[in-house]
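One structure is given here, and the rest of the page talks about it.
Okay, here's the thing in structure tokens:
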């Protein structure tokens with residue numbers, strides 16, 4: 005594993021929110037390196053919106069800029085009173101730059117390896133002049149996000165081309181992303197997502213389930229993660245309406261825009277249970293209580309490019325999986341019951357419910373054991389060390 009280096013990760017979200025691949029990777033890198041996780045910058049408009057909705061509170065403005073969350077792992081939050089703003093953009097940018105440089109000096113982050121995670125971070129490419137290596141981490145096809153106008157998608161594509169052509173390495177999470185990004189940078193590598201396998205081993209060793217799950221009758225069809233417009237909620241609603249004897253458990257935050265009416269109707273069904281998000285180290289305790297793991301995505305360009313974390317979580321728990329047909333699940337076809345179209349999803353769930361043989365559950369866990377975050381970090385470490393050797397040579 006990479007050791008003795010300084011790493012900076014410019015993230016699009018906070019450290020304390022929904023854990024994604026970057027949280028897992030940086031937590032492991034911090035075992036042998038100093039890591040600074042820089043939280044996402046707010047735009048003035050989104051900050052005002054979150055303030056009005058109560059997602060941002062007065063206490064958030066008073067939080068220290070730099071804090072330590074684990075050994076060797078530090079989190080930097082830009083001042084909320086210095087968001088990205090059209091009228092005062094130059095001033096707030098200077099403030100953010102000063103905050104970052106102060107943190108780097110305090111932590112003695114000399115010659116860091118710098119990671120970027122969004123096309124709109126192209127203005128940060130030169131933020132750390134002493135960077136030893138610059139890495140662009142691509143986890144989605146950002147131009148395929150729901151609700152984007154053609155103009156906005158083109159702007160994102162232009163920004164991403166700048167990112168791709170001005171970094172030393174590009175890391176993508178799916179074969180489709182590899183095909184799309186490699187023409188812009190030959191140093192593009194596929195490193196799929198993974199799983200905290202040890203947390204599932206610990207959870208499965210303890211048969212106790214959370215009280216919130218014990219109140220829900222079996223069979224429990226479970227989904228973990230963001231409940232958003234990437235999901236085919238009409239398909240899910242049809243599923244649970246037609247099979248009232250099945251319980252649907254949705255564990256995660258909801259952020260629905262285009263399917264608001266469907267989501268409202270789904271939530272009130274008697275066999276649907278929306279549970280609040282839990283800490284990352286508690287997720288396994290819930291997943292082990294499901295009988296089937298669901299992957300009810302819309303089949304579109306966005307889904308064609310993803311590497312779903314939940315796929316590996318379900319496998320690590322030994323769960324049979326019911327999924328719509330997207331590229332990410334095809335390689336695991338023997339362990340995933342795939343519906344080629346929404347009308348076939350109910351049959352896929354029924355097949356998964358029948359796939360509960362202990363030997364099959366163990367086979368799924370054995371498969372997940374080859375996809376740990378530790379294995380992904382080793383793969384990344386090898387790539388990073390190789391590129392640093394070339395640059396220094």
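Residue numbers (the numbering used here): 5 to 397.
Backbone N, C-alpha and C define an ideal beta-carbon position, used for all residues, glycine too.
Item: Can you check whether the CB of residue 14 is closer than 9 Å to the CB of residue 381?; Value: no
Item: Would residue 172 pass as a contact of residue 139 if the rule is Cβ separation under 9 Å?; Value: yes
Item: Using 10 angstroms around the beta-carbon of residue 94, count the other beta-carbons present and answer buried if the total reaches 16, otherwise exposed.; Value: exposed
Item: Between the C-alpha atoms of residue 386 and residue 6, what's the straight-line distance to the nearest angstrom?; Value: 8 Å
Item: Identify, in the order they occur along the chain, each residue of the same chain with its Cβ nearer than 6 Å to the Cβ of residue 20, setting aside the five sequence neighbours on each side.; Value: none
Item: Looking only at its chain, what residues have a beta carbon closer than 6 Å to the beta carbon of residue 17, apart from the 5 residues adjacent to it on each side?; Value: 44
Item: Threshold first: 4 residues or longer. Then list the alpha helix (DSSP H) segments lying entirely within the segment 171 to 216, N to C.; Value: 179 to 185, 201 to 208
Item: If you reduce the DSSP assignment to three classes, tell me which class residue 220 lands in.; Value: coil
Item: Figure out for me which residue from 284, 283, 254 has the closest Cα to the Cα of residue 270.; Value: 254
Item: What is the rounded straight-line gap between the Cα of residue 154 and the Cα of residue 31?; Value: 37 Å
Item: Could you name the residues that DSSP lists as bridge partners for residue 78?; Value: 40, 72
Item: Here's the rule: buried if 16 or more other CB atoms are within 10 angstroms of the residue's CB, otherwise exposed. What is residue 344?; Value: exposed
Item: Going residue by residue through the segment 350 to 379, where are the continuous alpha helix (DSSP H) segments of at least 4 residues, counting only ones entirely within it?; Value: 362 to 372
Item: Would you call the segment 226 to 240 in contact with the segment 194 to 212, where contact means no fewer than 3 C-beta pairs closer than 8 Å?; Value: no
Item: Quick check: the segment 73 to 91 against the segment 99 to 106, are at least 3 beta-carbon pairs closer than 8 Å?; Value: yes
Item: Is it the case that the segment 108 to 126 contacts the segment 150 to 170, given that we only count it when at least three CB pairs across the two stretches are under 8 Å?; Value: yes
Item: Just confirm the distance between the C-beta atoms of residue 70 and residue 77, as a whole number of angstroms; I'd bet it's less than 8 Å.; Value: Actually they are not in contact, since the Cβ atoms of residue 70 and residue 77 sit about 12 Å apart, beyond 8 Å.
Item: Return the CA-CA distance between residue 326 and residue 60, expressed in angstroms with no decimal places.; Value: 36 Å
Item: Within the chosen definition, does the segment 140 to 154 reach the segment 301 to 316 through at least 3 CB pairs nearer than 8 Å?; Value: yes
Item: Three or more beta-carbon pairs under 8 Å between the segment 283 to 292 and the segment 191 to 204, yes or no?; Value: yes
Item: Is the CB-CB distance between residue 272 and residue 303 below 9 Å?; Value: no
Item: Pull up the distance between the alpha-carbon of residue 41 and that of residue 113, whole angstroms please.; Value: 12 Å
Item: Give me the residue from 350, 187, 174, 292 with the minimum Cα distance to residue 242.; Value: 350
Item: Ends of the beta strand (DSSP E) at residue 10?; Value: 10 to 14
Item: Hey, how far is the Cα of residue 294 from the Cα of residue 277?; Value: 12 Å
Item: What does a CB cutoff of less than 7 Å around residue 373 pick up in its chain, not counting 5 residues either side in sequence?; Value: 201
Item: May I have the straight-line CA-CA distance separating residue 299 from residue 236, to the nearest angstrom?; Value: 10 Å
Item: Give the DSSP-derived three-state secondary structure of residue 310 in the structure shown.; Value: coil
Item: Mind pulling the beta strand (DSSP E) runs of 3 or more residues that sit fully within the segment 241 to 293?; Value: 251 to 255, 276 to 279
Item: Please report the Cβ distance between residue 291 and residue 317, rounded to the nearest whole angstrom; I am assuming they are in contact, meaning their Cβ atoms lie under 8 Å.; Value: 6 Å
Item: Put residue 26 into one of helix, strand or coil per three-state DSSP.; Value: helix
Item: Between which residues of its own chain and residue 330 is the CB-CB distance below 8 Å, once the five residues before and five after are set aside?; Value: 299, 301, 303, 307, 308, 310
Item: What residue range is occupied by the uninterrupted beta strand (DSSP E) comprising residue 99?; Value: Looking at the DSSP string, residue 99 is not in any beta strand (DSSP E); the run it does join, the alpha helix (DSSP H), is 93 to 111.
Item: Let me know the secondary structure DSSP gives residue 394 once reduced to three states.; Value: helix
Item: Could you give the residue range of the beta strand (DSSP E) that holds residue 301?; Value: Per DSSP, residue 301 belongs to no beta strand (DSSP E) and is neither H nor E.
Item: With distances taken between CB atoms, is the gap from residue 46 to residue 104 smaller than 9 Å?; Value: no
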